[in-house]
Amino acid sequence: MDQEIQQKGYANPESLVTTEWVAEHLNDTDNVRIVESDEDVLLYDIGHIPNAVKIDWVEDLNDPLVRDYLDPEHFAQLMSEKGITPDTTVVFYGDKNNWWATYALWVFQLFGHDNVRVMDGGRIKWEQEGREMTQEVPSFPRTDYPVPQRDDSKIRAFKEDVMEHLEKRGPLVDVRSPGEYSGELLHMPDYPQEGALRGGHIPGAANVPWARAVREDGTFKSADELREIYEGEAGLSEGEDVIAYCRIGERSSHTWFVLKYLLGYDNVRNYDGSWTEWGNAVRAPIER
Amino acid sequence: MSLDRQGQIATLVEHYQNPRYKGILEDADVAMPGGSPECGGSVVIYVKVGKEGRIDALSFTGEGDIISQAATSMILEQVQGEGHTMDEILALDYEDFVDRVGREAVGSRTRNATLGLSTLKSAVRKYQKDSLHNGSAAEPACSR
Chain C
60 MDQEIQQKGY ANPESLVTTE WVAEHLNDTD NVRIVESDED VLLYDIGHIP
110 NAVKIDWVED LNDPLVRDYL DPEHFAQLMS EKGITPDTTV VFYGDKNNWW
160 ATYALWVFQL FGHDNVRVMD GGRIKWEQEG REMTQEVPSF PRTDYPVPQR
210 DDSKIRAFKE DVMEHLEKRG PLVDVRSPGE YSGELLHMPD YPQEGALRGG
260 HIPGAANVPW ARAVREDGTF KSADELREIY EGEAGLSEGE DVIAYCRIGE
310 RSSHTWFVLK YLLGYDNVRN YDGSWTEWGN AVRAPIER
Chain U
88 MSLDRQGQIA TLVEHYQNPR YKGILEDADV AMPGGSPECG GSVVIYVKVG
138 KEGRIDALSF TGEGDIISQA ATSMILEQVQ GEGHTMDEIL ALDYEDFVDR
188 VGREAVGSRT RNATLGLSTL KSAVRKYQKD SLHNGSAAEP ACSR
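Taken in sequence, the protein lines are chains C and U. Just so you know, we're using my numbering here: the first sequence kicks off at 60 and counts up by one. Just so you know, we're using my numbering here: the second sequence kicks off at 88 and counts up by one.
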């Protein structure tokens, strides 16, 4: 266990690894697969961690026709192509404070691939430390990854779940920007098709913009600092059933990771339908 | 000759690192925002219109991924280089522009690649609308 991670007091410190740990395991390709997942889709092409493979959330993880994730057969196929077995330790990293890395990790969890880690600090920390980068795309022998069962129920919330959650006055955390939360911003300017008919937030949701969980260097804040934000300010508590949401479920996967792994919340779900569904849904109540 | 994927990426990276027409245009007629820094990228396109609907000057500011920022630089270079009028800008085809940027490099991120072009078109429409309402060109956006 990295001392640097251990000192931050997380409930599940093994869910994070340091850049140093990754540097020491670059060639442990039989056991470890480093996966880069970015918002900026060309970053991998212009340079990545040696022996890292790329997973693109649009082209690899989304179903092209249904608003859903890939099916178990395609997940097994993807794992095979990336040389990943069910026992492989998968270490995710990426740009934007590991935003997309945690999103990819969340999708892996839908398929029960539990042996997952995030490189604390993400791509920017690796770069700023002057560590080795390459444009060489590695090739690994295909694996025979068995088709898994996909279980959405534990970590994914659907609109009906949120409705039920509302009736029970369960805690919700809206991780969008304050402008989106207040309803000032209905959608991204110039892209009304990605927006919503109504602006605001799900009634009772606390607003904690997702990036508050990280420090300026891209690493996660300590458990104490995170508790102060999510429990002290937003009023969440560990024993509760929490639902996080944003616009399409990507930013909230970051908060989901923080609550589940770093603070040890047993019951936290990501509502990936998020505001693009809720803000448009008939009879879905909102608050401004 | 069309570039392969690596060539397309190299062109995009070159524009990203050395953007053309980057910066605020102080006497612009229109300053039009587009996109989102939270998703892909955001830009502001500045347009100054001259006689007969010709574009006198263009510039952009913005932040975001390589594709959105580089493609914005590319469309401004194209419009300036080819001396497009406002109507010609509005007639530019998104698919043709994605081909020009490099479809293999852009992949599924066509929206990011057309952010600059769509925002430029919005800027032109705003200028035309304001001109129609005011009976003359809009006031410089940056003086407000």
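All residues carry an ideal CB built from backbone N, CA and C; glycine is no exception. Here the structure is a predicted model, which means the values were calculated and not measured.
Distance CB(A118 (chain U))-CB(A210 (chain U)) smaller than 9 Å: yes
What three-state label does DSSP hand R215 (chain C) in the structure shown? strand
Note down the Cα distance separating F199 (chain C) from Y128 (chain C), rounded to an integer number of angstroms. 24 Å
Min CB distance I154 (chain U) to chain A below 9 Å: In the structure shown, chain A does not exist; the protein chains are C and U.
Range of the contiguous alpha helix (DSSP H) that encloses V211 (chain U): 202 to 221
Under 8 Å Cβ-Cβ, which residues of chain C neighbour R196 (chain U)? V100, V117
Y304 (chain C) - DSSP class collapsed to helix/strand/coil: strand
Per-residue contacts from I105 (chain C) into chain U (C-beta, under 8 Å): I96, V100, I153
Measuring alpha carbon to alpha carbon, tell me which of C:S139, C:I108, C:S281 ends up nearest A70 (chain C). C:S281
Helix, strand or coil for P120 (chain U), going by three-state DSSP, please let me know. strand
What is the residue span of the beta strand (DSSP E) that S146 (chain U) lies within? 142 to 151
Contact criterion: CB-CB distance below 9 Å. Does Q93 (chain U) meet it with respect to chain C? yes
Are I108 (chain C) and V100 (chain U) close, meaning C-beta to C-beta below 9 Å? no
Chain-ordered residues of the segment 160 to 187 of chain U with a beta carbon less than 7 Å from chain C: none
Beta carbon proximity, G149 (chain U) to chain C, threshold 9 Å: no
Extent of the continuous beta strand (DSSP E) run through M178 (chain C): 175 to 178
If you pair each beta-carbon of the segment 283 to 300 of chain C with each one of the segment 223 to 243 of chain C, do three or more pairs fall below 8 Å? yes
Integer Cβ distance of L101 (chain C) from I162 (chain U), believed to fall under 8 Å: Contact flag wrong, Cβ pair sits at about 17 Å.
Determine the burial state of E95 (chain C): buried for a count of at least 16 other Cβ atoms within 10 Å of its Cβ, exposed for fewer. buried
Can you tell which of C:W315, C:G258, C:R257, C:G308 has the C-alpha that lies nearest to the C-alpha of A272 (chain C)? C:W315
Residues in its own chain within less than 7 Å of E243 (chain C) by CB, not counting five upstream and five downstream? G258
Run through chain C and tell me which residues come within less than 9 Å of A115 (chain U), C-beta to C-beta. Those do not exist, as A115 (chain U) stays about 17 Å from chain C at its closest Cβ, beyond 9 Å.
Pick out whichever of C:W337, C:A111, C:L137, C:M192 has its Cα sitting closest to the Cα of M222 (chain C). C:W337
Could I get the ranges of all uninterrupted alpha helix (DSSP H) runs contained in the segment 114 to 174 of chain C, with 4 residues as the minimum, in chain order? 131 to 140, 158 to 169
Which chain C residues sit within Cβ distance under 9 Å of A200 (chain U)? By Cβ distance, chain C contributes nothing, its closest Cβ being about 11 Å from A200 (chain U), past 9 Å.
So, does the segment 306 to 314 of chain C touch the segment 145 to 164 of chain C, judging by three or more C-beta pairs under 8 Å? yes
Rounded to the nearest angstrom, how far is the Cβ of P207 (chain C) from that of G171 (chain C), given a contact under 8 Å? 5 Å
Can you list the residues of chain C that A210 (chain U) reaches, using a CB-CB cut of under 7 Å? The contacting residues do not exist; A210 (chain U) stays about 10 Å from chain C at best.
Does N105 (chain U) pass the burial test, meaning 16 or more other C-beta atoms within 10 Å, or should it be called exposed? exposed
Using a Cβ-Cβ distance cut-off of 9 Å, determine whether D158 (chain U) contacts chain C. In the sequence on display, residue 158 (chain U) carries Ala and not Asp. No, because no Cβ of chain C sits closer than 9 Å to the Cβ of A158 (chain U).
Taking the alpha-carbon positions, what's the I345 (chain C) to A265 (chain C) distance? 13 Å
Whose CA, out of C:H224, C:Q65, C:P268, C:N156, lies closest to the CA of R274 (chain C)? C:N156
For E284 (chain C) and L295 (chain C), the rounded distance between their alpha carbons: 14 Å
By how many angstroms is the C-alpha of L207 (chain U) removed from the C-alpha of E186 (chain C)? 34 Å
Quick check: is the beta carbon of A118 (chain U) nearer than 9 Å to any beta carbon in chain C? no
9 Å is my cut-off, CB to CB: does G127 (chain U) come that close to chain C? yes
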